[in-house]
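Trainee:
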Amino acid sequence: MKQARLAGRTKGLRPSKQRRLERLSHTRHPEFGADERTLELLANEVLEINQPIHLILDNRGLCRLLWIGPLEKSGELLAYLPKTSRRQRINWRLISCSLNPHREELELDSRDAIAALDLSPVSWLRFSSLSDQVGTRNSSLWQPDISKGCGWKLLRKGLLGELCNPSQEPPPSLGKTNSQDSSNNVERVLILVLVGPDIERSERHLAELEGLVRSAGAQPVAVAKQKQRAFNPQTIWGQGKLQEIALEVRRNRASLVITDRELTPGQARNLERLLACSVMDRSELILDIFAQRASSSSGRLQVELAQLRYRLPRLLGKGHALSRQGGGIGTRGPGETQLEKDRRAIAKRIEKLKGELKELKKHRKIVRSRRDSLPRVALVGYTNAGKSTLLNALCGLTSNNKVLAEDKLFATLDPTTRRLLLPQLDGRTKELLITDTVGFIRDLPDPLREAFRATLEETLEADVLLLVVDLSDPDWHFQLKTTQWLLDSLSTSSVRQVLANKIDHCESGAIDAIQKIDQNVMYISSTSGSGLKGLKNWLQKQFWENSPKSALRVSSQENL
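Going by the working numbering, the first residue of the sequence shown is number 504, and it counts up by one from there.
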């Protein structure tokens, strides 16, 4: 049974060369240091194949992996190493023979340094492949230290023989701060943003993105910013900045990078390659939140359709490695690749979901036709504006039938309809239907907006739209403007009435500002109940006292 594996850029190596490298990988090294004779032979092999070579040693000094080529993709390296538990932690040691002998201190290459950090070795011995006139080679010994700019701390530098036979045991590893041994399983996220000319607007967008990350159940641990200058179509962000971000990912033990703008499939792949970490854009994050929140069958159906539409152009295939051979004329050759089969399967699933959505649309239409005798009101607005809390307060819902209301973005996904009873002086009771709809957000992904068309029809068919605005939010003006724009894009003709919510937590300047925008605005507080009686009286006048709908001022985007 082989203890070491030979991997990396092995294509084109002669069998005799592979056998020599395998023999070198079977050498057992001291517990501290390395076998100098083996490293001398390894340097000769580096000069012959013109590629750097790396050895990964375990606790006993046994080589587990001999890697040919640069350390660019840590995922491939880790795939060759044995999986261990936390109790059986292996203190890896990394030894590299460099192909750049002109650097006297053997400075670290940024990509190699980042990939080496993912291995979490206790030390990294680097030495030159070329020797001087006396036959000695320069070398340097490094240790992980995420406080340094490159992520590594230089312990010693000198001749190869001196570092192969250390006089004392190296100090304890600082790489433990880079491990994933956390007590909880919350995913750690680094947020990557571009800062535009409007600094205040960029900060508010960043705060919203952090809220989305928390709503998804993850923890934002760091933010990386770059000023928006010349557009880079391959990666959006600059190459130098991405190298810094790759190190920040390791420093903060982040497992995911989320960007503040939508990425093309090519840009996402380039970022994952340069950062050696999973990358997700804002649109995919919103889709993930919707997938978590979908509780009804119709909601799950629409989320699945949106996700498939988003992921279809982002599929990656193995090419000829997973091809299927055919038989007969016209079918010979590479055949149908696995990627093509996956795309066809997703396309079929999308068509099936479209048919189910049509049936859902018909069903909702039948349900709405049964309610034609009752007036209909829809609560719309930006996400987390307090629509669900307002529905519970208006209808006096108890714990048995109240709508879930949490201080999270997109806490409510599926539309919920309740009856609002309005007692009259003569003892009778009038009622209307009030619907809590999914919250809006800026730059709502097109696949999501299209997939939730059946749900948004609850908004299109309502007689009155109550636009709930969180007046305590500093960005309420932009949120109201976004809501109006989305309603205009849906071609709604219903009466719109702006409700300034959370007036007991807002600043006095916000009340004056919204009054200038819409003089007919109504001020309420869903939690304290302020203004709810006036809102009920307004609804009663709107539907039962023959008040013409045209008398109400319909706010439009041009008035903002």
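For every residue, glycine included, the Cβ atom is placed at its ideal position computed from N, Cα and C.
Please read these numbers as outputs of a predicted model, since none were measured by experiment.
1) Is F913 closer than 9 Å to S786 when the C-beta atoms are compared?
2) Relative to the C-alpha of N594, which candidate in S601, A848, L565, D978 has its C-alpha closest?
3) Keeping to the same chain, check which residues put their C-beta closer than 7 Å to that of R847; ignore five residues upstream and five downstream.
4) Using C-beta distances below 6 Å, list every residue in its chain close to L709, excluding the 5 sequence neighbours before and after it, in chain order.
5) Which word fits D615, buried or exposed, when buried means at least 16 other C-beta atoms lie within 10 angstroms of its C-beta?
6) If you check the beta carbons only, do I1014 and L969 fall under 9 Å apart?
7) When we look at the beta-carbon of S985 and count the other beta-carbons within 10 Å, is it buried (16 or more) or exposed?
8) Pull up the distance between the alpha-carbon of R540 and that of Q506, whole angstroms please.
9) For I792 and Q805, I'd like the C-alpha separation in whole angstroms.
10) In this structure, how does DSSP classify Q810 when only helix, strand and coil are distinguished?
11) With distances taken from CA atoms, which of S876, G802, I849 is nearest K864?
12) Along the chain, where does the beta strand (DSSP E) containing E934 start, and where does it finish?
13) Cα-Cα, which of S876, S800, L790, Q746 is closest to Y813?
14) Do three or more CB pairs link the segment 1027 to 1046 to the segment 1001 to 1016 at distances below 8 Å?
15) Does the beta-carbon of T932 have 16 or more other beta-carbons within 10 angstroms, so that it is buried, or is it exposed?
16) Relative to the C-alpha of D991, which residue among E859, A794, D929, V883 is closest?
17) Kindly identify the DSSP beta-bridge partner or partners of D949.
18) Whole angstroms are fine: how far does the CA of R531 sit from the CA of S631?
19) Within a Cβ cutoff of 8 Å, which residues of the same chain sit near V689, ignoring the five residues on either side of it in sequence?
20) Quick check: is the beta carbon of L666 nearer than 9 Å to any beta carbon in chain D?
21) Between Q810 and T762, what straight-line distance do the alpha-carbon atoms span, to the nearest angstrom?
22) Evaluate T901 with the Cβ neighbour count: other Cβ atoms within 10 Å of its Cβ, from every protein chain shown; 16 or more gives buried, anything less gives exposed.
23) For V466, which three-state DSSP category applies?
24) In whole angstroms, give me the CA-to-CA distance for S705 and L936.
25) Name, in chain order, the residues that DSSP records as bridge partners for F630.
26) Which of the three DSSP states is assigned to A719 in this structure?
27) May I have the straight-line CA-CA distance separating L509 from E543, to the nearest angstrom?
Mentor: Here's the rundown:
1) No.
2) L565
3) Closer than 7 Å at the Cβ level, and outside the excluded window around R847, lies no residue.
4) Contacts found: V696.
5) Under a 10 Å Cβ-count criterion, D615 is classified as buried, with 16 or more other Cβ atoms of the shown protein chains found around its own Cβ.
6) no
7) Here residue 985 is Thr; the residue named in the question, Ser, does not match the sequence. Classification of T985: buried, given that the 10 Å Cβ count is 16 or more.
8) 20 Å
9) 13 Å
10) helix
11) G802
12) 932 to 939
13) L790
14) yes
15) exposed
16) V883
17) Answer is none; D949 lacks a bridge partner.
18) 21 Å
19) G720, A721, Q722
20) Among the chains of the structure shown, chain D does not appear; only one protein chain is present.
21) Cα to Cα, the separation comes out at about 18 Å.
22) exposed
23) Residue 466 is absent from the structure shown; the chain starts at 504 and stops at 1063.
24) 39 Å
25) C600, S642
26) coil
27) 18 Å
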